[in-house]
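Peer 1:
Protein chains in written order, with my numbering: chain D, 1217 to 1523; chain R, -15 to 325; chain H, 238 to 575.
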């Protein structure tokens, strides 16, 4: 098991190197030079050339890459062209925490809603309720987030005036963004839970549990669910990872100052260093969450013994 | 005598309702089982032997199958009329079952100790600790070395034979009156099969409970049973004591079955006896005797009229027109009586 | 029976499967599925390989026909070492060596009709004349007991026993010399199994076929074989003529294997039976010395130290067991003395 964890962590190294390379090359591949962006529209070529020299943009690409790696290893992601503040500060001061908060709430909502719907649907297979719930889940899966968010705002904020339209911090501000993210996630989880649970309920060991005289509640919650949820863990983990990278659309609609909105803002402002930093942080998070999901899956699913 | 009867199955009928129509898996099956007795039910795939046992346990949920007629009287009470709640009280407590696939019949995510202890807690007033200790005692009883250590392991850490021992431990943990073993050794190697069969026999002798052994292997029947029911197409075609059955099989199907098994005890360069054709589709069962299309002795009556299961003598029952009219001896020269060996 | 010419000569065959592990997934150990196995098959005979799961019996068949790449040894067939042939040469050789598997359904292409299946097999090996192909195939179907009206049906339209007949017809279609039957009747109900066994025997007489018959069912093996190899944990423990093997088994494992089979009649007399304890050890770390010594009721000091050589118990009965140092052994008697 420890070997597996170490190996899984080692596997992230080439991925991270690849990510760093792509992020590094971004600056060289996108049109426009960062020095020019920094110096402003009115800057003359000499100023730009000086800036280029200062930023090391005239060195060989390989040298620049190694310098870049050395910097990020020491936690220096550069300085924002627009605000002039270190990128690390910009990200970790508040925005990162907000995104993590939103991701956790959204995932939690998705899991709770998805599990309830999935279990009810599976245990009442082919009933009217099952068909209805699965139709709703299909809808939840098909509706794009931006439309769902707008619908929620119209109903709960505009028509009923129950909840605020924008912002983050107060509990009532968190409800709509959480729901927006939760509903689409719940739809996937519900459908997967239902399918897996139905599959597991046909397994021989479920028949054994019933042959022992176990009641349906024990059969489902103790014997079936545990096995049915193992594949669901992966999906939940991937969803969480995706949300951590910033729910760009949701954050933008609700004007939440998280990572997603930071990326959008930086792009529109051509703050290349900022984009570079955020994309790097977000990618590292995603890779890390994925590794953790794999390890968790292995811990739960003891059958997959590593030999 | 009367109170010694543990199980009395009367005219049991179980059908599956599929897109292609009604599939009569168990079609009018009756037998009785006394305390301490072991009954073998033997038949090929599709004979309805396994569905008979699942019907007794009322474990057909999740399938399209249901009991459509007959009675299953267990300790004086008809199980067919029981509610699911009453059945849960009986399953694992008064009637237990061992299944064919030890690899998939245990829950992969629960320790084997807990899988046994859970059964004990479900039926007896024992706390967690007492139930765990009882589970370890059960593991010892079924011959698992280092039971304390094994109890904490998961099924994947055990071999097939060990897992089947765990299944047996679960089944006998509440000292049931009736143990049903459905092909308990089919998935196991022959040396492990010998271990498991001898364990089942030992436990039954000790507990004095009744046993139903369901198998396609007549050798397993010969080893473990007192009486045998031979099933074909959902019906019992012959019922006899083990010795009677092997000494003088009466139904042409039984004769064919016995003589088509290649023996490991005798040499023969002759061809094996062959039952022509194949089992009819359950959706298009013959009108008369189910075996008539394949039977070398069939006559017009066999094709048109279903024979009754008739008492020949003692407890001996045969479902064959030819036996009812003449009492013929079908045993062919390939199946010689044991005295002739 | 052993008088015929040697058709297949297997010498020191080794088939190890690597186990990957560690941080970088290098090979940390091997499963020794077949470990130094030698035997010969004579023309026209049926040689059976018996053993329990994990004994390596199935792997031998797969190694011979090069479905696995053996790690060592030689397989001489018709004067050529099959293990040294190129893939192209081996494909040609498969005309002479065919294999029939346990699960006939999995080995037949579900989209092809019986005609297409057989036609393809014959085309690949260039057997027969294309203009007479349909007639050849009809004859073949008749030989294996299928009707002419079934020639254009697909595999799913047949029962298990009939599918195995199609598998046999496909093997026969290229007129092979040797057919490897890998648990070929194990999945069939007894009444159907008897039909297929009789068919195999009939075909052998008709076409002078040689069978390498791999099975775990000793009843079937006694019925069909001339000689029998008993395997345990990747090694041969006994090679013997059928009669000797069943009446006077030379190896304690053979004896206990035989006594484990349920009697074909109720007798009640089981005092001479040996029920082995425990499970077969892992083929990754086989016990030292004789691999059977951990479960052998007669093992003594030497057994855990030295791997036994073969002894000739009787003419044509080779046994790998130290007990044979003292001549042939009657285990039933030894059992009673215990």
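Heads up, the beta-carbon is just placed ideally off N, CA and C, and yes, glycines get one too.
For a minimum of 3 consecutive residues, which ranges assigned as the beta strand (DSSP E) are wholly contained in the segment 1365 to 1429 of chain D?
Peer 2: none
Peer 1: Counting only C-beta atoms, is residue 244 of chain R closer than 8 angstroms to chain H at any point?
Peer 2: Position 260 of the second chain holds residue 244 of chain R. Chain H, which has a Cβ nearer than 8 angstroms to the Cβ of residue 244 of chain R, makes this yes.
Peer 1: How would you label residue 1384 of chain D, buried or exposed, when you count the other beta carbons within 10 angstroms and need 16 or more for buried?
Peer 2: Indexing the first chain from 1 puts residue 1384 of chain D at position 168. With 16 or more other CB atoms across the displayed protein chains lying within 10 angstroms of its CB, residue 1384 of chain D is buried.
Peer 1: Among H/372, H/540, H/458 and H/358, whose alpha-carbon lies nearest the alpha-carbon of residue 435 of chain H?
Peer 2: As a working mapping, residue 435 of chain H is identified with position 198 in the third chain. The shortest Cα separation from residue 435 of chain H among H/372, H/540, H/458 and H/358 belongs to H/458.
Peer 1: Say whether chain D places a C-beta atom closer than 8 angstroms to the C-beta of residue 191 of chain R.
Peer 2: The count along the second chain starts at 1 and reaches residue 191 of chain R at position 207. Judged by the 8 angstroms Cβ criterion, residue 191 of chain R is not in contact with chain D.
Peer 1: What residue does the beta strand (DSSP E) around residue 474 of chain H start on, and which one ends it?
Peer 2: For the purposes of this step, residue 474 of chain H is taken as residue 237 along the third chain, with counting starting at 1. Residues 472 to 478.
Peer 1: Whose Cβ in chain D lies nearer than 9 angstroms to the Cβ of residue 105 of chain R?
Peer 2: Numbered from 1 along the second chain, position 121 holds the residue referred to as residue 105 of chain R. None at all; the shortest Cβ gap to chain D is about 10 angstroms.
Peer 1: Any contact of the segment 1384 to 1403 of chain D with the segment 33 to 50 of chain R, i.e. 3+ C-beta pairs under 8 angstroms?
Peer 2: Output reads no: the segment 33 to 50 of chain R does not touch the segment 1384 to 1403 of chain D.
Peer 1: Is residue 418 of chain H helix, strand or coil when you go by DSSP?
Peer 2: Taking the third chain and counting its residues from 1, the one referred to as residue 418 of chain H is at position 181. Three-state result, residue 418 of chain H: strand.
Peer 1: For residue 164 of chain R, which three-state DSSP category applies?
Peer 2: Residue 164 of chain R sits at position 180 when you count from the first residue of the second chain. If DSSP states are grouped into helix, strand and coil, residue 164 of chain R belongs with the strands.
Peer 1: Rounded to the nearest angstrom, what separates residue 324 of chain R and residue 210 of chain R at their Cα positions?
Peer 2: Against the second chain, residue 324 of chain R aligns to sequence position 340. Against the second chain, residue 210 of chain R aligns to sequence position 226. Confidence in residue 324 of chain R is poor, its pLDDT being 32 and thus under 50, which makes the residue's placement unreliable; the coordinate value appears in the next sentence. About 23 angstroms.
Peer 1: Please tell me whether residue 93 of chain R has its Cβ less than 8 angstroms away from any Cβ of chain D.
Peer 2: Here residue 93 of chain R refers to the residue found at position 109 of the second chain. Chain D contact via Cβ: present.
Peer 1: Spell out the partners DSSP gives residue 1309 of chain D in its beta bridges.
Peer 2: Residue numbering aside, residue 1309 of chain D sits at position 93 when the first chain is read from its first letter. DSSP output for residue 1309 of chain D lists no bridge partner at all.
Peer 1: Using the C-alpha atoms, what's the distance from residue 22 of chain R back to residue 186 of chain R?
Peer 2: Residue numbering aside, residue 186 of chain R sits at position 202 when the second chain is read from its first letter. Residue numbering aside, residue 22 of chain R sits at position 38 when the second chain is read from its first letter. Roughly 12 angstroms between the two C-alpha positions.
Peer 1: For residue 1412 of chain D, which residues in the same chain have their Cβ closer than 7 angstroms to its Cβ, ignoring the five residues on either side in sequence?
Peer 2: Stepping through the first chain from its first residue, residue 1412 of chain D is reached at position 196. Within the same chain, residue 1412 of chain D has close Cβ partners 1444, 1447 and 1448.
Peer 1: Within 8 angstroms (strictly less), CB to CB, does residue 275 of chain R reach chain H?
Peer 2: What you label residue 275 of chain R is simply residue 291 of the second chain in a count that begins at 1. No, its Cβ sits nowhere closer than 8 angstroms to a Cβ of chain H.
Peer 1: Look at the alpha carbon of residue 289 of chain R and the alpha carbon of residue 480 of chain H, and state the distance between them as a whole number of angstroms.
Peer 2: Position 305 of the second chain holds residue 289 of chain R. Position 243 of the third chain holds residue 480 of chain H. Straight-line Cα distance between these residues: approximately 47 angstroms.
Peer 1: Grouping DSSP H, G and I as helix and E and B as strand, with all else coil, what is residue 255 of chain R?
Peer 2: Taking the first residue of the second chain as 1, we reach residue 255 of chain R at position 271. Note: residue 255 of chain R maps to coil in three-state DSSP.
Peer 1: Please report whether the beta-carbon of residue 348 of chain H lies at a distance below 8 angstroms from any beta-carbon of chain R.
Peer 2: Translated into positions along the third chain, residue 348 of chain H becomes position 111. Output row for residue 348 of chain H: interface = no.
Peer 1: Using a Cβ cut-off of 8 angstroms (strictly closer), state whether residue 1442 of chain D contacts chain R.
Peer 2: Sequence index remark: in the first chain, residue 1442 of chain D carries index 226 (1-based). Judged by the 8 angstroms Cβ criterion, residue 1442 of chain D is in contact with chain R.
Peer 1: Residue 175 of chain R: buried (16+ other C-beta within 10 angstroms of its C-beta) or exposed?
Peer 2: Within the second chain, residue 175 of chain R is the residue found at index 191, counting from 1. Per the 10 Å Cβ criterion, buried.
Peer 1: Residues bridged to residue 0 of chain R by DSSP?
Peer 2: By one-based count along the second chain, residue 0 of chain R stands at place 16. Residue 0 of chain R is bridged to R/7 and R/49.
Peer 1: In chain R, what lies closer than 7 angstroms to residue 497 of chain H by C-beta?
Peer 2: Position 260 of the third chain holds residue 497 of chain H. Near residue 497 of chain H (Cβ distances below 7 angstroms), the residues of chain R are 174, 175, 177 and 178.
Peer 1: Distance check for residue 262 of chain H and residue 330 of chain H, CA to CA, integer angstroms please.
Peer 2: Taking the third chain and counting its residues from 1, one reaches residue 330 of chain H at position 93. Taking the third chain and counting its residues from 1, one reaches residue 262 of chain H at position 25. Approximately 36 angstroms between the Cα atoms of the pair.
Peer 1: Flag this pair as yes or no: are the beta carbons of residue 461 of chain H and residue 437 of chain H separated by less than 8 angstroms?
Peer 2: Indexing the third chain from 1 puts residue 461 of chain H at position 224. Indexing the third chain from 1 puts residue 437 of chain H at position 200. Cβ atoms of residue 461 of chain H and residue 437 of chain H: closer than 8 angstroms.
Peer 1: Would residue 306 of chain H be called buried (16 or more neighbouring beta carbons within 10 Å of its own) or exposed?
Peer 2: Taking the first residue of the third chain as position 1, residue 306 of chain H is located at position 69. Residue 306 of chain H is exposed by the Cβ-count criterion.
Peer 1: Going by beta-carbon coordinates alone, are residue 286 of chain H and residue 468 of chain H separated by less than 8 angstroms?
Peer 2: Taking the first residue of the third chain as 1, we reach residue 286 of chain H at position 49. Taking the first residue of the third chain as 1, we reach residue 468 of chain H at position 231. Contact flag set, yes.
Peer 1: Whole angstroms are fine: how far does the CA of residue 1381 of chain D sit from the CA of residue 1303 of chain D?
Peer 2: Against the first chain, residue 1303 of chain D aligns to sequence position 87. Against the first chain, residue 1381 of chain D aligns to sequence position 165. If I take the Cα positions, the gap works out to 29 angstroms.
Peer 1: Is the segment 181 to 195 of chain R close to the segment 215 to 229 of chain R, with three or more CB pairs under 8 angstroms?
Peer 2: At 8 angstroms Cβ cutoff, the stretches do not touch.
Peer 1: So what's residue 1283 of chain D in DSSP terms, helix, strand or just coil?
Peer 2: The sequence position of residue 1283 of chain D within the first chain is 67, counting from 1. Looking at residue 1283 of chain D - three-state DSSP - the assignment turns out to be helix.
Peer 1: Where residue 1439 of chain D and residue 91 of chain R are concerned, what is the direct C-alpha to C-alpha distance, given to the nearest angstrom?
Peer 2: On the first chain, position 223 is the one that residue 1439 of chain D refers to. On the second chain, position 107 is the one that residue 91 of chain R refers to. One C-alpha to the other measures close to 7 angstroms.
Peer 1: Using the Cβ count rule (16 or more neighbours within 10 Å means buried), how would you classify residue 1340 of chain D?
Peer 2: Counting from one through the first chain, the residue named residue 1340 of chain D turns up at place 124. Exposed, since its Cβ has fewer than 16 Cβ neighbours within 10 Å.
Peer 1: I'd like to know whether the C-beta of residue 435 of chain H is nearer than 8 angstroms to at least one C-beta of chain R.
Peer 2: Here residue 435 of chain H is taken as the residue at index 198 of the third chain, counted from 1. Chain R contact via Cβ: present.
Peer 1: Within the same chain, show all residues whose beta-carbon is closer than 6 angstroms to that of residue 301 of chain H, passing over the 5 residues directly before and after it, in chain order.
Peer 2: Mapped onto the third chain, residue 301 of chain H falls at position 64. So the list reads 312, once near-sequence residues are dropped.
Peer 1: Measuring only the C-alpha atoms, how far is residue 136 of chain R from residue 1325 of chain D?
Peer 2: The residue given as residue 136 of chain R occupies position 152 in the second chain. The residue given as residue 1325 of chain D occupies position 109 in the first chain. Near 35 angstroms, if we compare the C-alpha coordinates of residue 1325 of chain D and residue 136 of chain R.
Peer 1: Below 8 angstroms on the Cβ atoms is my contact criterion, and I expect residue 417 of chain H with residue 449 of chain H to pass it. Report the Cβ-Cβ distance as a whole number of Å.
Peer 2: Taking the third chain and counting its residues from 1, the one referred to as residue 417 of chain H is at position 180. Taking the third chain and counting its residues from 1, the one referred to as residue 449 of chain H is at position 212. Contact holds; Cβ gap of about 5 angstroms.
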